[in-house]
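Below is one structure, written out as structure tokens; comments come after it.
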Amino acid sequence: MAYPRTPHYTFQELGDGLHVGIARRTGDGICNSGIVALGDATLVFDTGLTPHAADDLRSATIATLGGPPSLLANSHRHLDHVLGNQQFPGVPIFGTRGTREIMLARHDETMAELTRSSLERDIQLLEAQRDRRRSEEARKDLEVSLQMDRALLAEVGNLWLTPPDRTFETRLVLPGSRGAELLSFGAGHTEADAVLFLPHEKLLFAGDLVVIGVQPSMGSGDPQHWLTVLDEIDRLRPERIVPGHGPVVSGEGSRETREYVESVWAAASSPAGAPLPAALRRWEGSLSLEQNLEFARGVRATQGH
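Numbers given in my numbering equal positions in the sequence shown, counted from 1, plus 190.
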């Protein structure tokens, strides 16, 4: 398989007409993306952070499936999964109704964050935070955020939001003979996540409901219901899972994310400054852990726990 050479992804074949772009740490894709032959259509699942990354997904689709994608789908609303939508004009985009509604409601706010002045201000603040941190792990965490902001700054003036225009609530069977399904089990990583499931291959593209090796972000979702969503994913009995970030894993790979969410939720009931479970230190991103704990404590306080 002759994949295009790109600084943004490492491409892997997962089966006949099934491919994944694993985001490189130093690239602008940021999240993993799926490329799937549906039979009568071709699909890209999650489109990356920048136009350049999205263009590489288009090139990979042409190289592997013989033509550009005819359908797109987004797992959730975070920019590293949806901003590349703009590079596929006229292509239908599937997503949950909640994802579309939130993207539309926050459109002006998000576009204001993508201006030169806003990005330059954020970069200055992040660089100052990084320089004050003594922990190498925290400094690395801030560098990830800086990488994203610098990638966006390089594209200022060429960025706009393109929300899904084909929505569903809980289940949508995509066109084609493959029987691919978009499924949503409600709030988890965000307010309205979706997964792509290929029942014949037992392959699941999980978006950020499953991440491997890095701290998942919890601040847009529902930590408790996330565990319910992971139960639903387990009931699908996938044999392989493509996470939103990290390498492809077996069907049991969701356990790592479950352990993390459970541990953060439990630790959030302890006083600030209390020792954390050792398990929470396994994942990259100590600053993300601080933010997740703060968010989970806020949710517990609101619920009266």
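Backbone N, C-alpha and C define an ideal beta-carbon position, used for all residues, glycine too.
Alpha-carbon spacing of residue 209 relative to residue 226, whole angstroms: Rounded to whole angstroms, residue 209 to residue 226 spans 6 Å at the Cα level.
The beta strand (DSSP E) that contains residue 209, what's its start and end? 208–213
Quick check: the stretch 383–390 against the stretch 259–266, are at least 3 beta-carbon pairs closer than 8 Å? yes
Just reading off the alpha helix (DSSP H) that residue 485 is part of, what are its end residues? 476–493
Please work out which residues of its chain come closer than 7 Å, Cβ to Cβ, to residue 177, disregarding the five sequence neighbours upstream and downstream, and give them in chain order. The structure shown does not extend to residue 177, since the chain is modelled only from 191 through 495, so no value can be given for it.
Give me, in chain order, the residues of the same chain whose beta-carbon lies closer than 6 Å to that of residue 375; leave out the 5 immediate sequence neighbours on both sides. Correct list, in chain order: 419 and 422.
In whole angstroms, give me the CA-to-CA distance for residue 249 and residue 223. 13 Å
Spatial neighbours of residue 352 within its chain, please: CB distance less than 6 Å, with the 5 preceding and 5 following residues excluded, ordered by chain position. Taken in chain order, the residues that qualify are 275 and 276.
Please check the pair residue 457 and residue 470, which I expect to be a contact at CB under 8 Å, by giving their CB distance rounded to whole angstroms. 7 Å
Straight-line Cα distance separating residue 388 from residue 358: 17 Å
Apply the 10 Å Cβ neighbour rule to residue 299 and answer buried if 16 or more other Cβ atoms are within range, or exposed otherwise. exposed
On a CA-only basis, which of 448, 486, 364 and 350 is nearest residue 398? Give me that one, please. 448
At the level of alpha carbons, what is the spacing between residue 273 and residue 291? 16 Å
Which residue's Cα is closest to the Cα of residue 464: 480, 450 and 452? 480
Give the single residue among 234, 416, 403 and 199 whose Cα lies nearest to the Cα of residue 433. 403
Using 10 angstroms around the beta-carbon of residue 492, count the other beta-carbons present and answer buried if the total reaches 16, otherwise exposed. Result: exposed.
Residue range of the beta strand (DSSP E) that residue 296 falls in? No beta strand (DSSP E) holds residue 296; DSSP gives it neither H nor E.
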